Amino acid sequence: METALGYFLTSWLDPHLLILVAAGTLAGIYIGAIPGLSVTMAVSILISFTYAWDTNEALALMVGIYMGGVYGGSRTAILLNIPGAPAAIATALDGYPLAKLGEAGRAIGVTTVVSFIGGLVGIAALALFAPLVAEVSLMFAPRDYMLLGIMGLLLVASLSGESLVKGIVAGALGILISMIGLDTMSAQPRLTFGQSALLGGVSYVAVMIGMFGIAEALVQLHTVTAPAVKQQVDKIVPSLATVLRHLPLTLRASAIGVWIGALPGAGGDIAALMAYDHAKRSIKKPSRPFGQGAYEGLVAPEAANNAAVGGAFIPMLTLGIPGDAVTAVIIAALFIHGLRPGPNLMTDTPHLFWFTVGNLTLANLFMLVFGLVGIRLFAKIVEVPKAILLPIVVVLSVVGAYAINNNPTDVWWAVGFGILGYVLRVYGYQLGPVVLGVILGPIVESNFRRTMIAVHESWAGFALELVSHPITVVLTLGILVSVLRGTPWWPRLVARLRRKSGAAAG
Amino acid sequence: MPAHPRHPGELGFTLLLIAGALLVGREAHRISGFSGPSSPGFGPLAMVAVVLAGLLVELARSLARRPREREPAVVRLRRLAAAVLPPPVAGAIPLLLLYLVGLETVGFVLASFLFLAISIGLLLRGRPPRRVLLTAVGVALGTVAIVRLLFQELFQVLLP
Numbered sequence: 001m002e003t004a005l006g007y008f009l010t011s012w013l014d015p016h017l018l019i020l021v022a023a024g025t026l027a028g029i030y031i032g033a034i035p036g037l038s039v040t041m042a043v044s045i046l047i048s049f050t051y052a053w054d055t056n057e058a059l060a061l062m063v064g065i066y067m068g069g070v071y072g073g074s075r076t077a078i079l080l081n082i083p084g085a086p087a088a089i090a091t092a093l094d095g096y097p098l099a100k101l102g103e104a105g106r107a108i109g110v111t112t113v114v115s116f117i118g119g120l121v122g123i124a125a126l127a128l129f130a131p132l133v134a135e136v137s138l139m140f141a142p143r144d145y146m147l148l149g150i151m152g153l154l155l156v157a158s159l160s161g162e163s164l165v166k167g168i169v170a171g172a173l174g175i176l177i178s179m180i181g182l183d184t185m186s187a188q189p190r191l192t193f194g195q196s197a198l199l200g201g202v203s204y205v206a207v208m209i210g211m212f213g214i215a216e217a218l219v220q221l222h223t224v225t226a227p228a229v230k231q232q233v234d235k236i237v238p239s240l241a242t243v244l245r246h247l248p249l250t251l252r253a254s255a256i257g258v259w260i261g262a263l264p265g266a267g268g269d270i271a272a273l274m275a276y277d278h279a280k281r282s283i284k285k286p287s288r289p290f291g292q293g294a295y296e297g298l299v300a301p302e303a304a305n306n307a308a309v310g311g312a313f314i315p316m317l318t319l320g321i322p323g324d325a326v327t328a329v330i331i332a333a334l335f336i337h338g339l340r341p342g343p344n345l346m347t348d349t350p351h352l353f354w355f356t357v358g359n360l361t362l363a364n365l366f367m368l369v370f371g372l373v374g375i376r377l378f379a380k381i382v383e384v385p386k387a388i389l390l391p392i393v394v395v396l397s398v399v400g401a402y403a404i405n406n407n408p409t410d411v412w413w414a415v416g417f418g419i420l421g422y423v424l425r426v427y428g429y430q431l432g433p434v435v436l437g438v439i440l441g442p443i444v445e446s447n448f449r450r451t452m453i454a455v456h457e458s459w460a461g462f463a464l465e466l467v468s469h470p471i472t473v474v475l476t477l478g479i480l481v482s483v484l485r486g487t488p489w490w491p492r493l494v495a496r497l498r499r500k501s502g503a504a505a506g
Numbered sequence: 507m508p509a510h511p512r513h514p515g516e517l518g519f520t521l522l523l524i525a526g527a528l529l530v531g532r533e534a535h536r537i538s539g540f541s542g543p544s545s546p547g548f549g550p551l552a553m554v555a556v557v558l559a560g561l562l563v564e565l566a567r568s569l570a571r572r573p574r575e576r577e578p579a580v581v582r583l584r585r586l587a588a589a590v591l592p593p594p595v596a597g598a599i600p601l602l603l604l605y606l607v608g609l610e611t612v613g614f615v616l617a618s619f620l621f622l623a624i625s626i627g628l629l630l631r632g633r634p635p636r637r638v639l640l641t642a643v644g645v646a647l648g649t650v651a652i653v654r655l656l657f658q659e660l661f662q663v664l665l666p
């Protein structure tokens, strides 16, 4: 326990790491607040810059950016009705009406405090549950990892875009990209089209930088002529009474955030929307009608999206399965530093777990401080026009892609994937599933092949494997439900079940 | 049947993706043919099958959507350009490719400076020319200097 506390306090006591977490959180708040820049974009580009760093330093910075970024998106959602990050989409629903009523300062204050509370709940859940999940996951067989990977892909595919089919296509495309190069089990070249340059595969960081950096910059060019925004905010520290009044909802929304965040593939954006929906259903007498400036409509999504940060780290650290797009990128960072996230990470490198929990807590604290005091400087940076910002993002993406291996080919890959990603986005294909596919592809494929070898390549044996253990049954059912939800039969099935249960009750 | 009309170029893009998937499928088949499920070629073939199945569903959906009224080819092309390649994007992509070529020929500092100055200048056009020039050159110089100092010193990364 003492050692755990020591690891937890590493960044708190080391001025160098402390500054990195603070700088990361501040940068994250700005990046999250600037429409067009996303936390995923920032962390993707940063990975390659921190390649030469010590693992602790790199993680301290990235965790700060993640925590700050999820919160930062709420600013522009409230002030301008433009969510700075997907996690702040639900925040705009009541946040913007509040700003129009002249209560922007108060709304931001409340948002900051509930984000802090949500963040704390998420971190507590991570500290409590991750060791338990890690213990359970030691019982996982290869088939379970395969199922978890598929479940993550299906979840992100079904929740992140307009159509499940497009999400699945995007995820499968990501897996295909991960298969380029020498096969890890047979050393046979795959999908190389006879090009020796492809034998080493495509760097996943180049894919991420292309998809989240360059493609995003190209998409944002569609609205480059939108005028730069001026922001004006007055008093923002909320009263204790206001915070206490919303505490029960804050805690309930945080619980939703942790749960959704911990599901593989689903992150803060989904958590925020579900918490908003929960607030709408459960609060009978909101401060104002929902959609017209109800504080409850602000509290629920903001508590949930920050709680989802801690939640997303649970599957990432214990199973090596990313909880959302940012944790997918952080997994890539851990790979780069020679670490393998998964059940063994907790036993082999316990310091890393408690160090991350400590960093998250510290970043959460910095978020509260910067959120409540850093308002003046804040407005200036957010006002930078996209015409200046986007070319800089491209240059940083290029530098980042080059820094992976000091190889110009990676830059071409990043730009190539950037252009492909842009066209995919234009036609409604989300890029989150592609990147998740790149990360999860090797996990799903290698574990599928192991399972198949274990059952002597018999499909009947494979089907039996899928129901051979309670954990496996739960995962298999989860996947079946995810698939069914995307089909036209799902609403009919739900309606029939409702009628049956209604008849039984009647 | 979906009510909204087809997105410009949607059908063509889906067909292009299908053609690409078939090409990758042929390459995947070369790995180990249709041999056992634990063979190295099974995964790529299975994923190509998933992509193709999904794209065929999307193709059917696209076809089911109401096409726009018969319009002259010029109008259709213009609509496609506005949806997929509006002027800022149409300018940015060739500039980006030139930048990559520039990185290998004239080096990071000059190529990045030119890329930033030209793209910021173009994106800000319509404003007073003197101000645009000053902003574009100033931001380009500042960014290149900061990137060079910050990343080479602090992050210790090699620049292209």
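In order, the protein sequences belong to chains A and B.
Residue numbers for the first sequence follow our numbering, so the first one is 1 and each next one is one higher.
Residue numbers for the second sequence follow our numbering, so the first one is 507 and each next one is one higher.
Ideal placement from N, C-alpha and C gives every residue a C-beta, glycine not left out.
Remember, it's a predicted structure, so these values are computed and weren't measured experimentally.
Euclidean distance between Cα positions of residue 146(A) and residue 448(A): The residue given as residue 146(A) occupies position 146 in the first sequence. The residue given as residue 448(A) occupies position 448 in the first sequence. Roughly 6 Å separates the two Cα atoms.
DSSP three-state assignment for residue 150(A), whether helix, strand or coil: Here the question's residue 150(A) lines up with position 150 in the first sequence. Looking at residue 150(A) - three-state DSSP - the assignment turns out to be helix.
Kindly indicate which three-state DSSP category residue 286(A) falls into: helix, strand or coil? Reading the first sequence from its first residue, position 286 is the one you call residue 286(A). Here residue 286(A) sits in coil by DSSP.
Check whether the segment 64–84 of chain A touches the segment 240–249 of chain A, taking contact to mean three or more Cβ pairs, one atom from each stretch, closer than 8 Å. Touching, no, given that fewer than three Cβ pairs across the two stretches are closer than 8 Å.
Would you call the CB atoms of residue 534(B) and residue 551(B) closer than 8 Å? Here residue 534(B) corresponds to residue number 28 of the second sequence, with the count starting at 1. Here residue 551(B) corresponds to residue number 45 of the second sequence, with the count starting at 1. Yes, the pair counts as a contact, with Cβ atoms nearer than the cut-off.
Using the beta-carbon of each residue, which ones in chain B are nearer than 7 Å to residue 183(A)? Looking up residue 183(A) in the first sequence gives position 183. Simply 546.
Quick check on residue 508(B) - is its C-beta less than 8 Å from some C-beta in chain A? By 1-based counting over the second sequence, the position of residue 508(B) is 2. Summary for residue 508(B): the model assigns pLDDT 46, below 50, so the residue's position carries little reliability, and this model does not support an answer.
Just mark residue 430(A) as buried or exposed, buried being the case when its beta carbon has 16 or more other beta carbons within 10 Å. Working through the first sequence from its first residue, we reach residue 430(A) at position 430. Residue 430(A) is buried by the Cβ-count criterion.
Status (buried if at least 16 other CB within 10 Å, exposed otherwise) for residue 519(B): Counting from one through the second sequence, the residue named residue 519(B) turns up at place 13. Taking a 10 Å sphere around the C-beta of residue 519(B), we find 16 or more other C-beta atoms and assign the residue as buried.
Own chain residues within Cβ distance below 7 Å of residue 507(A), not counting five before or after: It is not possible to answer for residue 507(A), since the shown part of chain A is limited to 1 through 506.
Considering residue 482(A), what are the terminal residues of the alpha helix (DSSP H) in which it resides? Translated into positions along the first sequence, residue 482(A) becomes position 482. Note, residue 482(A): alpha helix (DSSP H), 470–485.
Could you name each continuous alpha helix (DSSP H) segment of 4 residues or more that falls completely within the segment 93–155 of chain A, going from the start of the chain to the end? Complete alpha helix (DSSP H) runs here, min 4: 104–137.
From the DSSP output, which residues share a beta bridge with residue 181(A)? Indexing the first sequence from 1 puts residue 181(A) at position 181. The partner list for residue 181(A) (beta bridge, DSSP) reads 190(A).
Of all the residues that make up the segment 550–562 of chain B, which are near chain A by a beta-carbon distance shorter than 8 Å? Under the 8 Å Cβ criterion, the segment 550–562 of chain B contributes 550, 553, 554, 556, 557, 560 and 561.
Looking at residue 342(A): is its Cβ nearer than 8 Å to the Cβ of residue 312(A)? Translated into positions along the first sequence, residue 342(A) becomes position 342. Translated into positions along the first sequence, residue 312(A) becomes position 312. Contact: no.
Could you spell out the range, first to last residue, of the alpha helix (DSSP H) harbouring residue 239(A)? Residue numbering aside, residue 239(A) sits at position 239 when the first sequence is read from its first letter. Where residue 239(A) is concerned, there is no enclosing alpha helix (DSSP H), given that its DSSP letter is neither H nor E.
Sort 42(A), 134(A), 483(A) and 178(A) by Cα distance to residue 436(A) and report the nearest one. What you label residue 436(A) is simply residue 436 of the first sequence in a count that begins at 1. Of the listed residues, the one whose Cα sits closest to residue 436(A) is 178(A).
Is there a C-beta anywhere in chain B that falls below 8 Å from the one on residue 176(A)? Here the question's residue 176(A) lines up with position 176 in the first sequence. When Cβ-Cβ separations below 8 Å define contact, residue 176(A) makes contact with chain B.
Could you tell me if residue 139(A) is buried or exposed, where buried requires 16 or more neighbouring beta carbons within 10 angstroms of its beta carbon? Stepping through the first sequence from its first residue, residue 139(A) is reached at position 139. Exposed is the call here.
Assign residue 489(A) to buried or exposed, taking buried as 16 or more other Cβ atoms, counted over all protein chains shown, within 10 Å of its Cβ. As a working mapping, residue 489(A) is identified with position 489 in the first sequence. Residue environment for residue 489(A): exposed (fewer than 16 other C-beta atoms within 10 angstroms of its C-beta).
Per DSSP, cross-strand counterpart(s) of residue 582(B): Numbered from its first residue, the second sequence carries residue 582(B) at position 76. The secondary-structure analysis by DSSP pairs residue 582(B) with nothing; it has no beta-bridge partner.
The alpha helix (DSSP H) that contains residue 342(A), what's its start and end? Indexing the first sequence from 1 puts residue 342(A) at position 342. Careful: residue 342(A) lies outside any alpha helix (DSSP H) and carries neither H nor E.
Limits of the alpha helix (DSSP H) - the one that residue 520(B) falls within: The sequence position of residue 520(B) within the second sequence is 14, counting from 1. Looking at the DSSP string, the run of the alpha helix (DSSP H) that includes residue 520(B) is 516–538.
Tell me which residues of the segment 616–641 of chain B have at least one Cβ-Cβ distance to chain A shorter than 8 Å, keeping chain order. Per Cβ criterion, the list reads 618, 621, 622, 625, 626, 629, 630 and 641.
Along chain A, in chain order, which residues have C-beta atoms closer than 7 Å to that of residue 602(B)? Sequence index remark: in the second sequence, residue 602(B) carries index 96 (1-based). Below the 7 Å Cβ cutoff, chain A contributes 394 and 415 as neighbours of residue 602(B), in chain order.
DSSP-derived helix/strand/coil call for residue 667(B): Because chain B spans 507 through 666 in this model, residue 667(B) falls outside it and cannot be assessed.
Tell me whether the beta-carbon of residue 65(A) lies closer than 8 Å to the beta-carbon of residue 31(A). What you label residue 65(A) is simply residue 65 of the first sequence in a count that begins at 1. What you label residue 31(A) is simply residue 31 of the first sequence in a count that begins at 1. For residue 65(A) and residue 31(A), yes; Cβs fall inside 8 Å.
So which residues of chain B does residue 168(A) contact, with C-beta pairs closer than 8 Å? What you label residue 168(A) is simply residue 168 of the first sequence in a count that begins at 1. The answer, in chain order, is 556 and 560.
8 Å is my cut-off, CB to CB: does residue 103(A) come that close to chain B? Residue 103(A) sits at position 103 when you count from the first residue of the first sequence. No Cβ of chain B is located within less than 8 Å of the beta carbon of residue 103(A).
Say whether the segment 358–368 of chain A touches the segment 12–26 of chain A, bearing in mind that this needs 3 or more beta-carbon pairs closer than 8 Å, one atom from each stretch. With the cut-off at 8 Å, the segment 358–368 of chain A and the segment 12–26 of chain A touch.
Spatially closest choice to residue 316(A) from 180(A), 6(A), 133(A) and 481(A), by CA coordinates: Your numbering for residue 316(A) matches position 316 in the first sequence. Among 180(A), 6(A), 133(A) and 481(A), the Cα nearest to that of residue 316(A) is on 133(A).
Whole angstroms is fine: what's the gap from residue 615(B)'s alpha carbon to residue 391(A)'s? As a position in the second sequence, residue 615(B) is number 109, starting the count at 1. As a position in the first sequence, residue 391(A) is number 391, starting the count at 1. Going by the C-alpha atoms only, they are around 15 Å apart.
Tell me the rounded alpha-carbon separation between residue 507(B) and residue 373(A). The residue labelled residue 507(B) in the question sits at position 1 within the second sequence. The residue labelled residue 373(A) in the question sits at position 373 within the first sequence. Because the pLDDT of residue 507(B) is 41, which lies under 50, any placement of that residue in the model is unreliable, and the number read from its coordinates should be weighed accordingly. Each residue's Cα considered, the two are about 53 Å apart.
Closer than 8 Å to chain B by CB, residue 388(A): Here residue 388(A) refers to the residue found at position 388 when the first sequence is read from its first residue. Closer than 8 Å: yes.
Over the uninterrupted alpha helix (DSSP H) stretch that includes residue 367(A), give me the two end residues. Start at 1 with the first residue of the first sequence, and residue 367(A) comes out as number 367. Residue range 350–373 is occupied by the alpha helix (DSSP H) that includes residue 367(A).
Spell out whether any CB of chain B is found under 8 Å from the CB atom of residue 96(A). Position 96 of the first sequence holds residue 96(A). So, not an interface residue.
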